[in-house]
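Remarks on the structure that follows.
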Amino acid sequence: MRKFLVVGCGGSGGATLAYMMDQLRSDLADYGVPKIPAAWQFVHIDVPTAPSDVTVGNVRQLGGTYVGTGPQTDNFRVLDNSVSQFLAGNNELATIATWAPRDPGEVTVPISEGAGQYRAIGRMITLSQVGRVKEALTSAWQTLFLSSTDAEMKSMTGRVPGAEAFDTNETPVIFVVSSMAGGAGASMALDICRVLTLIDGLDPLKMGVFMVAPDIFDQLPEGKRTGVRANALAMLGEIVASQAGAAREHDVALLGALGQSRGEGEETPFARVFPVGRYVGAQKAMFGDGSQTAVYRGLGRGLSALMMSAKATRQFVEWDLTNGAGVPGDTEYHGWGSQWSNVPWGAFGFASLSMGRDRYREYAAQRLARSAVELLLTGHKQADNPASDDEQVQALVGQQWPNISTSLGLPASADGGVAGWLMRAVLPRNAAAQIAASIVDGSVRQKVRVQDDIPASQWHDGLSRILIDQRENLLVAARNTAEVEAFKWQQDFVVRLEDTVTAALGDQGLPYATGLVKAVRSTLKDTIVPSGPDLLAHAPGSRIADMEPQTKSKLTSMKGKLASGAQILDTILAGITSAVQTQLYAMLADKVSNAAGALTTEVIDPLVAALDEAQTLLRAVEQAPARDKGLAYLKTDEYSAWPSESDTRVAARFSEADNEVMLTSSVEFGDRYAEHLPQAAGIDVPGLQGLEMAIKSAVSHVITGQWETVVGTKAPADELAVVERITDWWSTVFPHNPETGKTKVAQRARYDVHLRPAEVLARARSYVNRPGYSFERFSSVSLREFVYGTDSSRESELADRHRDIAIKFGETLDLARPLASVNETVMQQLHPKVKQMEYQYKFSAVPFANHPVVDGLKATLGNQPRVDEASKTALEGALVDEHTIKRIDVFGAYPNYSPLAYTAVIPGASQEWASALPSQRNAFWRWRRSRPLPAALPMHQDERRACVAGWIIGRIIGFIQLPSKPYTDPAYVWDAAATCWVPFPNPLLTPPSKFAEAYDWLPSILESSLIAIANCHQPPVMSSMQPYVALRKIYDSTAEGPQEADYGLLELAAVEHLGRFLSTGVTVTGISSVVEGTGPESGGIDGRANKVKEYLQEFGDFAGVHFMKPGQGQLPGRQPGARGGGAFSQIVNRQQASKTPMFHDIAPDVFWATGQLLGLLPAAVEAASSVDLSAPSGAQPPTGGPPPTGPAAVQNIEIPKAPKGMF
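Residue numbers (the working numbering): 6 to 1212.
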C-alpha cells in the first residue's frame, strides 16, 4: 500500500473526497482497521468558512482537513483591493490586469460563500488566501513522512487482503479532484497544483488531476447551470496551457508576488488530467442515474479502491500518469509544439466484482433494526385489544408488577407494610441486629467491668453513668448507619432501575418502559415517602440507653455483692441493642423516605423525559414518508428505507451499486435471513413460528445491546449502556458521601436513551457480525473459498459457480469502462494510426491463482471488444492465491487520448454559444477566463507565437481579411494549402465592441480558438480548427513541430510567403497589404523589403514600448529587450489595470515575432528573386471589402494608438 495526498477543490472535489473517505472507512473497518491511516491525507479547499455536507458527512467530519478561503467580507472590492495592493507592491499587477473583473464594484456576488460560478472571482478569492492554502497542504504532506505514519502503515500489512508490504521508499501519489465547470473549484484547481509543486519533495509526475466534466450538471434546471459550459471551456484552455508549459511564467510571477515561490517552477505542474463525465465508454451509456451524486460517489468509490490496491496503483502510475507516448497523435490540430507526452488526457473507470454478502449483511442488520424499532413503539400492544395505548400499558405493568417490584427491591404493595419491606429488602433483620450489637459492644460493653466481688449498688451506679455517657454515641452511630444504608439503597436502586428499564425496553418497548417508570414513581411517592415520619415516631430517641424496667428493678433490689454480673450485663445490653436496632430502622425509614422523595424528581422525572424524547424521535421517523434513496444508498440511517417483515421483495438499493456486480443476488436475501436469524438466536423451531421467536429474541438483544460474547469481544452494552446516565448525579438528601465523608454538590440526573435509528442500526450490525454465528459465517466467505466450495457447498453447484463468475466478470468489465465518452471519429482524426478506440483494464488482486476458473476469466476478457493486449497481461499479473479477498476491483481506461476527443468536455459549450442571443453572449464569457492569454489559450508557446507571426505576415501579404463595421461578419484567413478563405469563429468571445483598440483583433481571435475547439466535433470533424492551422502555417507549415529559423534543411513557410509577395508586390488573395508602399508600383524587391522592415520594426517597437517592461523579451545575441516606458509598460495601479487592452497579453509574442521576421527578411528577399511567377496562385476573389480600422478606443486612460496602417 502506498501513501496518498488527496486534495478536493470546490464543492465537487469536496463531495468526491467525502465519498472516498466514507468508502475507505467502511472497507478498512471490515478488516479491523478503525480509521483511515495518516498516510492517506485528505484536504478539502473551498470558499465557505465551513465545509458543505453530502449524505455521508464532510471531509472534516470524516477525519480530513478543510480550508475555507472565503474572506471575512462579502464585498469583492475590498478583497480585490487587498490582492491588487500586494501585487502592485511587487510590480506584478499586470498578472491580473486582463482577466480580473475590470470594475470590482460591479461584482455583487456574496464572496464569503462562493464565487457565484465566476472563475475570475473564484481565482481572486483563492489568491487572497494562497498562503493559508500552502500551509495546509504542506502540513498534510509532512504528515506523510512522520515515523508514526510509517509505523501505522506497516501495521496494516497482512490485515488488508491483497495489500502488499508497505514500502517507505515509494513516492506518494497525489490526486487533485475538482470540477471543470464550477466557479471556485474550477478556478483554484490549477493554482492548487502549482502550489503543490512548491512543496519540497513532492513530485508533480505523480500527480493526477481528476476533473468532473460539465455534462454531470445537465440534469439541473437551466437556471442552476448558468455558466457551467463557459467555465468548462475556459478551464479547458487553461488546463492545456498548463500541460504545455505555457502557464508557468504567469503562475510563477503571480504566486511569487504573493510570497509563494520556488525557483523557476515546474514547467508542467501535474502529470495527467482525467475527465470524468456522466456517460461510460464509447456507447455513451449513462452512469447510474446520471446525477452529480452518482458520479461523485462512483468516482469516489473508484479512487478509494485504487488507493487500497497496490497492484492497481502501480499500474496507474506506470500506464496512466507517466505513459504519455503510448498512442501517437497528430499535432496538426492540437498540441503543436508541445512534448507529446504532456498532451493526452487519461480516463478513469471503475467497477468491482464482489461476493455481495456485505450487502446481505447490511440488509440483515437493517431488517433487524426495523423490527427493533417496531417493537420499541408497539411492543405493548396486543392483537385485537380495543383498549387504548395507555390502558394496555397500565394493564401490562399491573400484570408484571410483582416481577418488577422484585427486580427493583420495592414492596409489592402498600398492604405489605414498609417496615417489613425495610427489614427484608433494605436492611435485613439479621444484618441490623449484628450492626446494633456491634454499636452497643463498641460503645458500652468494652467500657463495663464485671466483678462479682464488688457491691451491686456500686456496679449499678457505674453502669448507669456509662449508659448516660454513651447515649449520644448510640444515637449518632444509629443515625450514621441509617444514612449509609439509605445511601447504599438509593445508589443500588438507581442501578436496578436502569437495568430494569433496559430489560423492559427489550421486552415490551418504550411505552411499557415509560409506564413502568411512572408506576415506580407512584410507589415511591405514595408508599415509601409517607412511611418515614410514621416509623420515625417509634424511635426510642433519648431512651435508647435506658435499661428495661424489669432488669433495672432487679438490679436495684440486689443487696450485697454482685452475683452473675456477666449474665446481668448480657441481659441489659440485649435490651439496649434492641433499642438501637429500633432506632436504626426508624432513622433508616426516615432517610429512605427522603431519598425516595428525592429520587422522583432527581432521577425518575429525567428518566421519563429521556424515554419520552426517545419515543417522540422514533414516532417522527416512523411517520416520515419513505424517500427514494436510489441504488447507491446502501447504508442509511433512515428508518423508512429499512426492509420490513412485510416486504414481498428486496429493495433495489440492495442490488448492485452503479459500479458493482455481486455473486450473491439480492433475490436470495429474504430466504437467507429466514434461515440465518433462528440459527443466530439459537431457536431450533422450524417454520414461521421459529422465525417469530428468533425475531423476538434477536430484537431484545439489539435493543439492549446485551448478549453473550466470545473471548476478545464485547457486546455494545459493555461499552455504552442503552439507558445512559450522562451527568454525575448526586442527591440533595446526602450533602456528603456517607461512606467517605467527602462533601458533594447536589445535581439532578440526566439521561440519554440510545434508541435513535442510527444507534439501533449500529447494534443490529454488531449482532449480525458476531463471530462464529450464522450471519458472520455466511457473509465472511471469500472469493477463493466460494470457488473451492469450502462453505459446505454441494459439489454439483461448483460448476455453476465457476460459470457464473466468468459471466459476472464480463459484466464488471463493461461497468468499469471509463467515466468519459470519446468521439471515435475525432479520436481517429487526432490519432490517425489508431484503427479503433480501445479499453485498458487494471486489476486489484485476483484470488484465483492455480484454479481452473482463471481460464474462464481470461476467455471473457479476450472476448471483450476493443480490449488491448496489456489488459490480458495485467490480469495475469494480478493473480494471487490469498484466501481472504472478497472483492476484485477493475479499473478501466483508454490509452491516453487527445483532450479534444472527449465528448463530455467539448460539444456542450458549442451548442450553448451557438444558441445564445447577443445579450446572452456577454454573460456567457463574462468573468470566466481566470488567466492572461498565454496561460489561458489551448496552445504551446511555440504554436501561439507561430500564430502571432502568421497574423503579422498575413496582414502584410493579404492573407488576413477583417470585417467591416458593424463587424457582424467573421474575420478570415487564407488557407494556402486548400487555396480558400476559412473563417475564424464568429462571433468572438470578446467582440469588437469590447476592444480597447483595433489591435485587440489578434488577441480576441486567439482567445476564440476555444470556440473553434468547442465546435471541433461538428462534421466535418476538426474543420473548425482549420483557421488556426492555416494561421500558424503562414509562418511555419512543418507538421512535426516548430522549425528553427536557422536550422534544418527546410525553410520556414514565412520565407516563401514573404518572398512571393516581395517579388511582385501583388497579394495572392487580392487583399491589399497593410504596409503602405509595397504594391506593384513600388520600388522593386528591395524597396518593398525596406517598407516591410520598417513596418516590422515599428510594430515591434509599439509592442515593446507600450506593453512590455524594459528589457523584457531579450534573446541574448539575437534580439535586444523591449524599451518599455509606454502607457502599459508598467501596471502600477488598479485603475490602469482595468483599462489594459487584451493586446498586453500577447505583446511579448508580437515583439518576438517581429524580431524573428526581421531576421528572416534577408532570406525572403533572396527567395523573392527566384519566385516562379508563372505558378498559379489558386487565389479566389475576396469575399469582403477592405480591412476595417476597428472601433474607437476607450478614452478614460489614454490607450496607445497603433502606427498608421498597422490595423
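The C-beta atom is built at its ideal place from N, Cα and C for all residues, glycine as well. In this text the structure is predicted, and so the values were computed from the model without any measurement.
For this session: Please classify residue 1180: does DSSP put it in a helix, a strand, or coil?
Result: Position 1175 of the sequence shown, counting from 1, holds the residue named residue 1180. Low confidence applies here, because residue 1180 scores a pLDDT of 48, under 50, leaving its location unreliable and the question unanswered by this model.
Problem set entry | Three-state secondary structure (DSSP) of residue 894 | Here residue 894 refers to the residue found at position 889 when the sequence shown is read from its first residue. Residue state for residue 894 is assigned as strand, using DSSP reduced to three classes.
Problem set entry | For residue 975, the nearest candidate out of 997, 955, 365 (CA to CA) | As a first step, residue 975 is located in the sequence shown; it is residue number 970 there, counting from the start. Considering only alpha carbons, the answer is 997.
Exercise. Exposed or buried, which one is residue 6 when buried takes at least 16 other CB atoms within 10 Å?
Worked result: On the sequence shown, position 1 is the one that residue 6 refers to. Sixteen is the threshold: when 16 or more other Cβ atoms of the shown chains lie within 10 Å of the Cβ of residue 6, as they do, the residue is buried.
Exercise. Near residue 808, what residues of its chain come up, given a Cβ to Cβ distance below 8 Å and the 5 sequence neighbours on each side ignored?
Worked result: The sequence position of residue 808 within the sequence shown is 803, counting from 1. Within the same chain, residue 808 has close Cβ partners 861.
For this session: Report the three-state DSSP secondary structure of residue 190 (helix, strand or coil).
Result: In the sequence shown, counting from the first residue as 1, residue 190 sits at position 185. Correct three-state label for residue 190: helix.
Problem set entry | Distance, residue 840 Cα to residue 1110 Cα | Residue numbering aside, residue 1110 sits at position 1105 when the sequence shown is read from its first letter. Residue numbering aside, residue 840 sits at position 835 when the sequence shown is read from its first letter. Their backbone Cα atoms lie some 52 Å apart in a straight line.
For this session: Give the single residue among 116, 370, 85, 129 whose Cα lies nearest to the Cα of residue 79.
Result: Residue 79 sits at position 74 when you count from the first residue of the sequence shown. With distances taken between Cα atoms, residue 79 lies closest to 116.
Exercise. Which stretch, first to last residue, makes up the alpha helix (DSSP H) that contains residue 147?
Worked result: In the sequence shown, counting from the first residue as 1, residue 147 sits at position 142. Counting along the chain, the alpha helix (DSSP H) containing residue 147 begins and ends at 135 to 148.
Problem set entry | residue 285 versus residue 275 - alpha carbon distance | For the purposes of this step, residue 285 is identified with residue 280 of the sequence shown, where counting begins at 1. For the purposes of this step, residue 275 is identified with residue 270 of the sequence shown, where counting begins at 1. Answer to the nearest angstrom: the Cα atoms are 25 Å apart.
Exercise. So, helix, strand or coil for residue 636, using DSSP?
Worked result: Numbered from its first residue, the sequence shown carries residue 636 at position 631. Only weak support is given to the placement of residue 636: the predicted model assigns it a pLDDT of 44, under 50, and the question is left unresolved by the model.
For this session: Using three-state DSSP, classify residue 229 as helix, strand or coil.
Result: Taking the first residue of the sequence shown as 1, we reach residue 229 at position 224. Residue 229: helix per DSSP, three-state reduction.
Exercise. By Cβ distance below 6 Å, which residues in the same chain neighbour residue 240 in space, the five residues on each side in sequence not counted?
Worked result: Locating residue 240 in the sequence shown gives position 235, counting from the first residue. Same-chain partners within the cutoff: 185, 191.
Exercise. Under a three-way DSSP split, which group does residue 741 fall into?
Worked result: One-based indexing of the sequence shown puts residue 741 at position 736. Strand.
Exercise. Whose C-beta lies closer than 7 Å to the C-beta of residue 950 among residues of the same chain, with five residues either side of it excluded?
Worked result: Stepping through the sequence shown from its first residue, residue 950 is reached at position 945. Taken in chain order, the residues that qualify are 1154, 1157, 1158.
For this session: Spell out the partners DSSP gives residue 356 in its beta bridges.
Result: Position 351 of the sequence shown, counted from the start, is the residue given in the question as residue 356. Partner(s): 895.
Problem set entry | Nonlocal neighbours in the same chain, by C-beta distance under 6 Å from residue 908, ignoring five residues either side | Within the sequence shown, residue 908 is the residue found at index 903, counting from 1. Counting only Cβ-Cβ distances below 6 Å, and skipping sequence neighbours, we find 826, 828.
For this session: Using DSSP bridges, identify the partner residues of residue 280.
Result: Residue mapping note: residue 280 aligns to position 275 of the sequence shown, counting from 1. Its beta-bridge partners are 216.
Exercise. Taking C-alpha atoms, which residue in 323, 847, 836 lies nearest to residue 873?
Worked result: Your numbering for residue 873 matches position 868 in the sequence shown. The shortest C-alpha separation from residue 873 is found at 847.
Problem set entry | Proximity of residue 347 and residue 249 at Cβ, strictly below 8 Å | The residue you call residue 347 lines up with position 342 of the sequence shown. The residue you call residue 249 lines up with position 244 of the sequence shown. Their beta carbons are under 8 Å apart, which means residue 347 touches residue 249 by this criterion.
Problem set entry | Whether residue 987 touches residue 1025 by CB criterion (8 Å) | The residue given as residue 987 occupies position 982 in the sequence shown. The residue given as residue 1025 occupies position 1020 in the sequence shown. Taking 8 Å as the Cβ cut-off, residue 987 and residue 1025 do not qualify as a contacting pair.
Exercise. Going by the CB atoms, is the gap between residue 806 and residue 786 shorter than 8 Å?
Worked result: Position 781 of the sequence shown, counted from the start, is the residue given in the question as residue 786. Position 801 of the sequence shown, counted from the start, is the residue given in the question as residue 806. Contact: no.
Exercise. Can you name the start and end residues of the beta strand (DSSP E) that residue 51 belongs to?
Worked result: Here the question's residue 51 lines up with position 46 in the sequence shown. Start and end: 45 to 51.
Exercise. Is the shortest distance between the beta-carbon of residue 226 and the beta-carbons of chain B less than 8 Å?
Worked result: Of the chains in the structure shown, none is chain B; there is only one protein chain.
Exercise. Can you name, in chain order, every residue of its own chain whose Cβ lies under 7 Å from the Cβ of residue 1205, other than the five neighbours on each side?
Worked result: Along the sequence shown, one-based indexing puts residue 1205 at 1200. Taken in chain order, the residues that qualify are 1111, 1131, 1132.
Exercise. With distances taken between CB atoms, is the gap from residue 813 to residue 666 smaller than 8 Å?
Worked result: Taking the sequence shown and counting its residues from 1, one reaches residue 813 at position 808. Taking the sequence shown and counting its residues from 1, one reaches residue 666 at position 661. Yes, the pair counts as a contact, with Cβ atoms nearer than the cut-off.
Exercise. What do you get for residue 1105, buried or exposed, if any count of 16 or more other CB atoms within 10 angstroms of its CB means buried?
Worked result: Start at 1 with the first residue of the sequence shown, and residue 1105 comes out as number 1100. Classification for residue 1105: buried.
Problem set entry | Coarse secondary structure for residue 449, derived from DSSP in three states | Indexing the sequence shown from 1 puts residue 449 at position 444. Here residue 449 sits in coil by DSSP.
Exercise. Which residue from 490, 345, 576, 449 puts its Cα closest to that of residue 428?
Worked result: Stepping through the sequence shown from its first residue, residue 428 is reached at position 423. Residue 428 has its Cα closest to that of 490, out of 490, 345, 576, 449.
Problem set entry | Counterpart residues of residue 477 in DSSP-defined beta bridges | Taking the first residue of the sequence shown as position 1, residue 477 is located at position 472. Bridge partners of residue 477: none, in fact.
Exercise. When the Cα atoms are used, what is the spatial distance from residue 34 to residue 362?
Worked result: Translated into the one-based positions of the sequence shown, residue 34 becomes position 29. Translated into the one-based positions of the sequence shown, residue 362 becomes position 357. Rounded to whole angstroms, residue 34 to residue 362 spans 15 Å at the Cα level.
Exercise. Do you know offhand how far residue 290's Cα is from residue 113's?
Worked result: What you label residue 290 is simply residue 285 of the sequence shown in a count that begins at 1. What you label residue 113 is simply residue 108 of the sequence shown in a count that begins at 1. Residue 290 and residue 113: Cα-Cα distance of roughly 40 Å.
Exercise. If you measure from the CB of residue 855, is any heavy atom of the ligand COA nearer than 7 Å?
Worked result: Absence of the ligand COA from the depicted structure is noted, as is the absence of any ligand whatsoever, leaving it without description.
For this session: State the DSSP-derived secondary structure class of residue 727, mapped to helix, strand or coil.
Result: Position 722 of the sequence shown, counted from the first residue, corresponds to residue 727. It is coil, neither helix nor strand.
Problem set entry | Unbroken beta strand (DSSP E) run spanning residue 1213, endpoints | With the chain covering 6 to 1212 only, the question about residue 1213 has no answer from this structure.
Problem set entry | residue 567: first and last residue of the uninterrupted alpha helix (DSSP H) it sits in | Your numbering for residue 567 matches position 562 in the sequence shown. Residue 567 -> no alpha helix (DSSP H), and no H or E assigned at all.
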